[in-house]
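A.B. asks: Chains as they are written, first to last, in this note's numbering: chain W, 13 to 125; chain R, 11 to 122.
Just so you know, even glycine gets a beta-carbon here, dropped at the ideal spot from N, CA and C.
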Amino acid sequence: KAGVTQTPRYLIKTRGQQVTLSCSPISGHRSVSWYQQTPGQGLQFLFEYFSETQRNKGNFPGRFSGRQFSNSRSEMNVSTLELGDSALYLCASSLADGTDTQYFGPGTRLTVL
Amino acid sequence: GESVGLHLPTLSVQEGDNSIINCAYSNSASDYFIWYKQESGKGPQFIIDIRSNMDKRQGQRVTVLLNKTVKHLSLQIAATQPGDSAVYFCAERETSGSRLTFGEGTQLTVNP
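#1: If you drop the 5 nearest sequence neighbours on each side, which residues of the same chain put their C-beta closer than 7 Å to that of Arg109/R?
#2: Note down, in chain order, every chain W residue with its Cβ under 7 Å from the Cβ of Leu85/R.
#3: Can you list the residues of chain W that Gly53/R reaches, using a CB-CB cut of under 7 Å?
#4: Just checking: is the beta-carbon of Glu114/R within a distance shorter than 8 Å of some beta-carbon in chain W?
#5: How do the stretch 45-52 of chain W and the stretch 16-25 of chain W stand: do at least 3 beta-carbon pairs fall below 8 Å, yes or no?
#6: Once the 5 residues before and after Thr73/R are set aside, which same chain residues still bring their CB inside 6 Å of it?
#7: Between Glu87/W and Leu33/W, is the Cβ-Cβ spacing less than 8 Å?
#8: Could you name the residues of the same chain whose beta carbon sits closer than 8 Å to that of Leu100/W, not counting the 5 residues immediately before and after it, in chain order?
#9: Any beta carbon of chain R sitting closer than 8 Å to that of Gly52/W?
#10: Could you tell me whether the Cβ atoms of Gln18/W and Leu93/W are closer together than 8 Å?
#11: Helix, strand or coil for Asp59/R? Go by DSSP, reduced to three states.
#12: Counting only runs of 3+ residues fully inside the stretch 66-120 of chain W, write out the beta strand (DSSP E) ranges in chain order.
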């Protein structure tokens, strides 16, 4: 069974731009969570989607948003990019509603110049 | 907010030795704990998990110990191999939620 896939793997943007990242969960998994990983802050929870509904949200500004489609694929969007948004963005999927094991994708490395 | 932290940021061991990575957590509402391994350029890889109604769980070459009294978690790796070199994260989760709270990570280096 294929794992979690994320596209693109690498992205370079400039300040003020917006970006959309995509995540395809493991087949059959309905919950998708997003995390931001930086050297200074570590791994931080962004939000979680289950059945196209946001179930949980972390402490990030409104510039960070996401959505989930009927096939469980998810996208996250960051608007008005700032230098501090440079990070590895990780997507994790789980079978049910996120209360079971979360499996991570390889991440999207975003660099904001 | 609540946080999970690691005692040692780096750990260096000889190939064949046993490794112990420690983690302290502060959220008494957490009931599920996971260890992940992250290699350079990859996402975190699930290693082993444990629920709060257990104090020990074993996998292949790995054992997780949970001490709820002192809010401490440890990962033991037996016969450590060079392929075990990576950053190891502990994470915790509350009963009612899906959010994982991660520790800062420990860099494990295995010397041949």
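C.D. replies: Let me spell this out:
#1: Reading the second sequence from its first residue, position 99 is the one you call residue 109/R. So the list reads Arg103, once near-sequence residues are dropped.
#2: As a first step, residue 85/R must be located in the second sequence, where it is residue number 75. Close to Leu85/R, with beta-carbon spacing below 7 Å, lies no residue of chain W; the smallest spacing is near 16 Å.
#3: What you label residue 53/R is simply residue 43 of the second sequence in a count that begins at 1. Those within 7 Å of Gly53/R in chain W are Leu102, Phe116, Gly117, Pro118 and Gly119.
#4: Within the second sequence, numbered from 1, the residue matching residue 114/R stands at position 104. Interface residue, yes.
#5: No: fewer than three Cβ pairs fall under 8 Å.
#6: Your numbering for residue 73/R matches position 63 in the second sequence. Closer than 6 Å at the Cβ level, and outside the excluded window around Thr73/R, lie Gln86.
#7: Here the question's residue 87/W lines up with position 75 in the first sequence. Here the question's residue 33/W lines up with position 21 in the first sequence. Yes; because the gap between Cβ atoms is below 8 Å, this pair is in contact.
#8: Stepping through the first sequence from its first residue, residue 100/W is reached at position 88. Cβ-Cβ distances below 8 Å link Leu100/W to Gln48, Gln49, Thr50, Gly119, Thr120, Arg121 and Leu122 in the same chain, with the five nearest sequence neighbours on each side left out; the list follows chain order.
#9: Along the first sequence, one-based indexing puts residue 52/W at 40. Residue-level contact check: Gly52/W does not touch chain R, since none of the beta carbons of chain R fall below 8 Å from its beta carbon.
#10: In the first sequence, counting from the first residue as 1, residue 18/W sits at position 6. In the first sequence, counting from the first residue as 1, residue 93/W sits at position 81. Leu93/W sits away from Gln18/W, with the two beta carbons spaced by 8 Å or more.
#11: Taking the first residue of the second sequence as position 1, residue 59/R is located at position 49. Asp59/R: strand per DSSP, three-state reduction.
#12: With a minimum length of 3 residues, the continuous beta strand (DSSP E) runs that stay inside the stretch 66-120 of chain W are 76-80, 86-90 and 99-106.
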